Amino acid sequence: MLWTIIGIIILIWLIVIALKLAGAIIHLLLVAAAILIIYKLMARMKNR
Numbered sequence: 269m270l271w272t273i274i275g276i277i278i279l280i281w282l283i284v285i286a287l288k289l290a291g292a293i294i295h296l297l298l299v300a301a302a303i304l305i306i307y308k309l310m311a312r313m314k315n316r
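The sequence shown lines up with residues 269 to 316 when you count with my numbering.
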């Protein structure tokens, strides 16, 4: 589920870059994707 959300965020990010609509939103999406990836990795390490 979380990887699906990450994938969607990255896909939206790439679409925005492709359309040259970069701005504050693109940076927020990138930061959100990075936070989700870090959270998922930390949760996986905690469960081991």
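Even glycine gets a Cβ: it sits at the ideal position worked out from N, Cα and C.
Quick caveat: nothing in here was measured; it's all calculated off a predicted structure.
* Span separating the alpha-carbon of I305 from that of L287 -> Locating residue 305 in the sequence shown gives position 37, counting from the first residue. Locating residue 287 in the sequence shown gives position 19, counting from the first residue. Between I305 and L287, the C-alpha separation is close to 25 Å.
* Neighbourhood of R312 by C-beta, 8 Å cutoff - its chain only, sequence neighbours within 5 removed -> Here residue 312 refers to the residue found at position 44 of the sequence shown. Correct list: empty, nothing qualifies.
* Sorted by chain position, which residues of the same chain lie with C-beta nearer than 7 Å to I278's C-beta, five sequence neighbours on each side aside? -> Start at 1 with the first residue of the sequence shown, and residue 278 comes out as number 10. Cβ within range, chain order: A301.
* To do: Could you check the C-alpha separation between I280 and T272 for me, to the nearest Å?
  => Here the question's residue 280 lines up with position 12 in the sequence shown. Here the question's residue 272 lines up with position 4 in the sequence shown. About 12 Å.
* Three-way DSSP call (helix, strand, coil) for L287 in this model -> Residue 287 sits at position 19 when you count from the first residue of the sequence shown. Coil.
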